[in-house]
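Note sheet for the following structure.
Numbering (the numbering used here), first residue to last: 1 to 68.
Here it is in structure tokens:
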């Protein structure tokens, strides 16, 4: 399990900035940071790619959609 958290310095409500154009593509901005976290976990552990998912509520749900 990986639980990424948005720091208050990046968004005053600690929500993902999915509504900004810079963060609406899987390979850029915050989505790229989260994908990098997943890659780091996969590098250190045996991970079945077919069991990697993104889920969330509110801004986290929007980010999950962007991550695909």
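Using N, Cα and C, we set each Cβ at its ideal position, and we do this for glycine too.
heavy atom of the ligand GDP below 7 Å from residue i C-beta
{"i": "residue 68", "result": "The ligand content of the structure shown is nil, which means the ligand GDP is not present either."}
Same chain, Cβ closer than 7 Å to residue i, neighbours up to 5 away in sequence not counted
{"i": "residue 59", "result": "15, 16 and 18"}
{"i": "residue 37", "result": "2 and 4"}
Chain-order list of residues whose beta-carbon lies under 6 Å from that of residue i (same chain, five-residue window excluded)
{"i": "residue 62", "result": "18"}
Whole-angstrom C-beta distance between residue j and residue i, which should lie under 8 Å
{"i": "residue 22", "j": "residue 28", "result": "6 Å"}
Inset, instruction - Would you check if the region 44-54 and the region 5-14 touch, i.e. whether three or more CB-CB distances between them fall below 8 Å? - result: no
Legend entry - Whole beta strand (DSSP E) elements within the region 40-68, 3-residue minimum: none
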